[in-house]
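For the protein sequence lines, the chains are A and L, in the order given.
Its first residue numbered 1, the first sequence is counted upward by one per residue in our numbering.
Its first residue numbered 1001, the second sequence is counted upward by one per residue in our numbering.
For each residue, glycine too, the CB sits at the ideal point set by N, CA and C.
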Amino acid sequence: GYREINEIDINMNDPLFTKQWYLINTGQADGTPGLDLNVAEAWELGYTGKGVTIGIMDDGIDYLHPDLASNYNAKASYDFSSNDPYPYPRYTDDWFNSHGTRCAGEVSAAANNNICGVGVAYNSKVAGIRMLDQPFMTDIIEASSISHMPQVIDIYSASWGPTDNGKTVDGPRELTLQAMADGVNKVMFLLNKLGKMTVLLTHTGDGAQILFTALYMEDFSEAGFILDLTWRDMQHLTVLTSKRNQLHDEVHQWRRNGVGLEFNHLFGYGVLDAGAMVKMAKDWKTVPERFHCVGGSIQEPEKIPSSGKLVLTLTTDACEGKENFVRYLEHVQAVITVNSTRRGDLNINMTSPMGTKSILLSRRPRDDDSKVGFDKWPFMTTHTWGEDPRGTWVLEVGFVDSMPQRGVLKEWTLMLHGTQSAPYIDQIVRDYQSKLAMSKKEELEEELDEAVERSLKSILSKN
Amino acid sequence: EIAVYTNHFLVELHRGGEPEAKQLAAEYGFSGVRKLPFIDAGYHFYHNGISRARRRRSLQHKLHLEKDPRIKKAVQQEGFGRKKR
C-alpha cells in the first residue's frame, strides 16, 4: 500500500506543518521518508478529531494561543494541586512550562489557519489539567487528574513519567492505579468508548526528539459513521495494523511469534498506521470477552547463580475445562519476587510454549539496589498475542555483568489474559496480505484441527 | 530516596457524605476538601497552613484526624518526582 508522499495531496498552509515529520515524513531533518503515522491517509478518508476531547495532563495549556484557542475545552480544565479552574501555564523566564501547550498543539492544533503546525487529530478539543508545575507530585493529584470528568474527557494523555535516572522502578501509585482501574471498569461496564494510543517515535536527525502522540477514535459523526469500539478492540487494531515500516535495530531483530505476528523488543508491533486503523475499524466487530487464568506458580525460593542462569519451567493447561480458560492470548504477566546484591544486573527472559521469547527485564547499569528488589512485580508482555498458552513456559534469570552477584527468586506466578474463542474469525478481511488475514487463517486452521481431534476422540470413545 | 511530605491528605470516612467531610475539614483546620470519584467515602483534604513539602510527616494533623471516630483512615501524601518527556 506504499504510495509516494507527493501522491498524497495534503495541502496545509500552516508554516510548521512540513516540519512535523511524524505526520508526513518526507525525510526532513535527516529523517526516513515514510516513517510516520500515515495520518495523511486517515485525513484523506475524512477522519479527524471532531467530537473528541483529550485531557492534556501536563503544566497547563496556553488557551490564548491562536492555534489552540478555538479548541480549548475550558469546562474540563482544572488544577488539583491548587484547585484552580483556570489553569493557565505558569510561565517561567525560560518557558519551561510551555510543555503542555506544545503537546496540546501536536494533538489538536487547528489545521490550515496559517498558524504554527497541525494537530494529528485536528478538530478535536483539548482540556488542560495542570499538575506538572509543582516541585513534587503526589498520588492523590495524579489519581484526581486521571479521573477528572470522564463523561467529557475521552482520552487522558501524559507525556511524562517517573524520574528516568535508570534506577527507579517507580510508576503509578496505589490511588492512581485504583483510579485507572475504576475508569476502565466503569467504561467497560458502560461499554463506553475510551481508548488511548501512545506512540513513541525517535527521530535520529539533528532535530532528534522523543514524542508521545495520542491518537484516538470514537463515534466520528464527522466521518459519517459511528464506531462501536472498546478499549480491547483498540489494542487488537493496534497489533493488526501497526507496521514494521523501516524500523530496524542491529541488536533486536524483528521476529515472528507463534501465530506469525511480527514483533520487536524495541518497537513492539511497529509504527501506528492511522490510515490502516480507521479502515479496519470501520467494519470491526467487537472482540469476544476476555478471561483471566492463573497459569501456575512457583513459590519456593530458588538461588540465582552468579554465573549462568536459573531456569524454571511452568507447565500449564491454561485452566482448560474451567470457566475461565484462556485459549487465545492477549497480555501475559509474570508476577515475580526477586532480591539480589545488585538489582540492575538482573536479566529476566520468558519463553512461551510456542517458542516466543520476551525480554522481561534487561540490565540497568545504574540500578545498584540491594535491598528492595522486585516485590510481586507484574512484568508483562504482549509478544505472545494470539498464541495458545497451553504447554510449558520457561523463565530464565541471570546476572549480566563482570562482578559476581548473588540473588534469590522467591516467586514466579504466570497470569494469562485472553479470549476463549478466536478473536478474528468474525472480522471481515479486505486485504489478503494483512496480518488480519494471516491471523484469521491460522485461527480457522487451528479450529479445524481441534474439531477433527474432538470428533476422532468421540468416535474412538464410542468404539 | 528521602521521603517528602506534602499538605495533601487522603481521608476515608466510615460513613457519611460530602457535608460531613466538609464539616470535618473545617473542624481540623483544612482549607478544602474534594470527593474522590473512584473511592467510596474517599476525600482529598488539603491544608494551606502546612508546608507544601517537608521532610517530616505532620503527625499532629494525621493523629488528630485518625482519632476521630468518623474517620477510617488518613494518609498524608508523599511527594515524588515526575519528569516531562
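TODO: Using the Cα positions of L444 (chain A) and V452 (chain A), report the straight-line distance between them to the nearest angstrom.
DONE: The residue labelled residue 444 (chain A) in the question sits at position 444 within the first sequence. The residue labelled residue 452 (chain A) in the question sits at position 452 within the first sequence. Looking at the two C-alpha atoms, the distance is approximately 12 Å.
TODO: Using beta-carbon positions only, say whether H99 (chain A) and K1084 (chain L) come within less than 8 Å of one another.
DONE: The count along the first sequence starts at 1 and reaches residue 99 (chain A) at position 99. The count along the second sequence starts at 1 and reaches residue 1084 (chain L) at position 84. For H99 (chain A) and K1084 (chain L), yes; Cβs fall inside 8 Å.
- [ ] Closer than 9 Å, Cβ to Cβ, to anything on chain A: give me those residues from the stretch 1034-1056 of chain L, in chain order.
- [x] R1034, L1036, P1037, F1038, I1039, G1042, H1044, Y1046, R1052, A1053
- [ ] Taking only beta-carbon positions, decide if H1008 (chain L) is within less than 8 Å of chain A.
- [x] Taking the first residue of the second sequence as 1, we reach residue 1008 (chain L) at position 8. Answer yes: the Cβ-Cβ gap between H1008 (chain L) and chain A drops below 8 Å somewhere.
- [ ] Find the nearest neighbour of F379 (chain A) within the set A:R343, A:G418, A:D345, A:V332, judged by alpha-carbon distance.
- [x] Taking the first sequence and counting its residues from 1, one reaches residue 379 (chain A) at position 379. Comparing alpha carbon positions, the residue from A:R343, A:G418, A:D345, A:V332 closest to F379 (chain A) is A:V332.
Open item on the list: Can you pull out the residues from the stretch 1063-1083 of chain L whose beta carbon lies closer than 9 Å to at least one beta carbon of chain A?
Closed with: Along the stretch 1063-1083 of chain L, the positions whose C-beta sits under 9 Å from a C-beta of chain A are V1075, Q1077, E1078, G1079, F1080, G1081, R1082, K1083, read in chain order.
Open item on the list: Measuring only the C-alpha atoms, how far is R454 (chain A) from L460 (chain A)?
Closed with: In the first sequence, residue 454 (chain A) corresponds to position 454, counting from 1. In the first sequence, residue 460 (chain A) corresponds to position 460, counting from 1. Roughly 10 Å separates the two Cα atoms.
Open item on the list: Cutting at 7 Å between CB atoms, please list the residues of its own chain near S81 (chain A), excluding the five before and the five after it.
Closed with: By 1-based counting over the first sequence, the position of residue 81 (chain A) is 81. Hits under 7 Å: M131, Q134, I141.
Open item on the list: For R232 (chain A), report the span of its alpha helix (DSSP H) as first-last.
Closed with: For the purposes of this step, residue 232 (chain A) is taken as residue 232 along the first sequence, with counting starting at 1. Here the alpha helix (DSSP H) through R232 (chain A) covers 231-241.
Open item on the list: Any beta carbon of chain A sitting closer than 8 Å to that of V1011 (chain L)?
Closed with: Indexing the second sequence from 1 puts residue 1011 (chain L) at position 11. No, its Cβ sits nowhere closer than 8 Å to a Cβ of chain A.
Open item on the list: By the 7 Å beta-carbon criterion, what residues does the stretch 257-285 of chain A contribute toward chain L?
Closed with: For the stretch 257-285 of chain A, which is checked against every Cβ of chain L, not one residue is closer than 7 Å.
TODO: Within 10 angstroms of the Cβ of G117 (chain A), are there 16 or more other Cβ atoms? Answer buried if so, exposed if not.
DONE: Here the question's residue 117 (chain A) lines up with position 117 in the first sequence. Of the residues assessed, G117 (chain A) falls on the buried side of the cut-off, its CB having 16 or more other CB atoms within 10 angstroms.
Task: Where T163 (chain A) sits in the DSSP three-state scheme - done: Counting from 1 along the first sequence, the entry for residue 163 (chain A) is found at position 163. Note: T163 (chain A) maps to coil in three-state DSSP.
TODO: Under 6 Å Cβ to Cβ from C319 (chain A), same chain only, skipping five residues before and after it: list those, please.
DONE: Taking the first sequence and counting its residues from 1, the one referred to as residue 319 (chain A) is at position 319. Cβ-Cβ distances below 6 Å link C319 (chain A) to C293, F325 in the same chain, with the five nearest sequence neighbours on each side left out; the list follows chain order.
Task: Under the three-state DSSP convention, the category R255 (chain A) falls into - done: On the first sequence, position 255 is the one that residue 255 (chain A) refers to. In the displayed model, R255 (chain A) falls within a strand according to three-state DSSP.
TODO: Pick out the complete beta strand (DSSP E) segments inside the stretch 1046-1077 of chain L, 3 residues or longer, and give them in chain order.
DONE: none
Task: Contacts of G1032 (chain L) in chain A (Cβ-Cβ under 8 Å) - done: Counted from its first residue, the second sequence places residue 1032 (chain L) at position 32. Residues of chain A passing the Cβ test: N83.
Open item on the list: I'd like to confirm something about M354 (chain A): is its beta-carbon nearer than 7 Å to some heavy atom of the ligand ZN, or not?
Closed with: Among the components of this structure there are no ligands whatsoever, and the ligand ZN is therefore not found.
Open item on the list: For a cutoff of 8 Å on Cβ pairs, would you count Q178 (chain A) as touching chain L?
Closed with: Residue numbering aside, residue 178 (chain A) sits at position 178 when the first sequence is read from its first letter. Output row for Q178 (chain A): interface = yes.
Open item on the list: Between I153 (chain A) and chain L, is the shortest Cβ-Cβ distance under 8 Å, so that the two count as touching?
Closed with: The count along the first sequence starts at 1 and reaches residue 153 (chain A) at position 153. It does not; no Cβ of chain L falls within 8 Å.
TODO: Mind listing the chain L neighbours of P89 (chain A)? Cutoff is C-beta to C-beta under 9 Å, in chain order.
DONE: Stepping through the first sequence from its first residue, residue 89 (chain A) is reached at position 89. Simply none; closest approach about 12 Å.
Open item on the list: What does the Cβ neighbour count give for K440 (chain A), buried or exposed, with the cut at 16 atoms within 10 Å?
Closed with: For the purposes of this step, residue 440 (chain A) is taken as the residue at position 440 of the first sequence. Counting of Cβ neighbours within 10 angstroms places K440 (chain A) among the buried residues, the total reaching 16 or more.
TODO: With DSSP collapsed to three states, give me the class of S362 (chain A).
DONE: Position 362 of the first sequence holds residue 362 (chain A). Reduced to three states, the DSSP call for S362 (chain A) is coil.
Open item on the list: Can you list, in chain order, the residues of its chain with a C-beta nearer than 7 Å to that of W284 (chain A)? Leave out the 5 residues immediately preceding and following it.
Closed with: Locating residue 284 (chain A) in the first sequence gives position 284, counting from the first residue. Taken in chain order, the residues that qualify are L229, D233, L237, Q427.
Task: Where S98 (chain A) falls: helix, strand or coil (DSSP) - done: Position 98 of the first sequence, counted from the start, is the residue given in the question as residue 98 (chain A). DSSP, reduced to helix, strand and coil, places S98 (chain A) within a helical segment of the structure shown.
TODO: Provide the residue span of the alpha helix (DSSP H) that contains I140 (chain A), from first to last.
DONE: Indexing the first sequence from 1 puts residue 140 (chain A) at position 140. 139-146 is the extent of the alpha helix (DSSP H) around I140 (chain A).
- [ ] Report the neighbours of F374 (chain A) on chain L: residues whose CB is nearer than 8 Å to its CB, in chain order.
- [x] Here residue 374 (chain A) is taken as the residue at index 374 of the first sequence, counted from 1. Below the 8 Å Cβ cutoff, chain L contributes no neighbours of F374 (chain A), its closest Cβ being approximately 17 Å away.
Task: Closer than 8 Å to chain A by CB, R1015 (chain L) - done: Working through the second sequence from its first residue, we reach residue 1015 (chain L) at position 15. Answer no: the Cβ-Cβ gap between R1015 (chain L) and chain A never drops below 8 Å.
- [ ] Could you tell me if T419 (chain A) is buried or exposed, where buried requires 16 or more neighbouring beta carbons within 10 angstroms of its beta carbon?
- [x] For the purposes of this step, residue 419 (chain A) is taken as the residue at position 419 of the first sequence. Per the 10 Å Cβ criterion, buried.
- [ ] Under 7 Å Cβ to Cβ from P172 (chain A), same chain only, skipping five residues before and after it: list those, please.
- [x] Taking the first residue of the first sequence as position 1, residue 172 (chain A) is located at position 172. Answer for P172 (chain A): E142, M180, listed in chain order.
- [ ] Give the secondary structure of E470 (chain A) by DSSP, where H, G and I count as helix, E and B as strand, and everything else as coil.
- [x] In the structure as shown, chain A starts at 1 and stops at 463, and residue 470 (chain A) therefore has no counterpart that could be examined.
Open item on the list: If the criterion is Cβ atoms closer than 8 Å, does the pair G260 (chain A) and T384 (chain A) meet it?
Closed with: The residue given as residue 260 (chain A) occupies position 260 in the first sequence. The residue given as residue 384 (chain A) occupies position 384 in the first sequence. Contact flag unset, no.
Open item on the list: Looking only at its chain, what residues have a beta carbon closer than 8 Å to the beta carbon of W43 (chain A), apart from the 5 residues adjacent to it on each side?
Closed with: Here residue 43 (chain A) refers to the residue found at position 43 of the first sequence. Correct list, in chain order: I10.
Open item on the list: Quick check on this structure: which residue in A:F399, A:Q151, A:E442, A:F17 has the alpha carbon closest to the alpha carbon of K309 (chain A)?
Closed with: Residue numbering aside, residue 309 (chain A) sits at position 309 when the first sequence is read from its first letter. Looking at the Cα atoms, A:F399 is the closest of the given residues.
Open item on the list: My output table needs one value for M354 (chain A): the three-state DSSP class, helix, strand or coil.
Closed with: As a first step, residue 354 (chain A) is located in the first sequence; it is residue number 354 there, counting from the start. M354 (chain A): coil per DSSP, three-state reduction.
Task: Local conformation of L177 (chain A) per DSSP, three classes - done: Translated into positions along the first sequence, residue 177 (chain A) becomes position 177. Helix.
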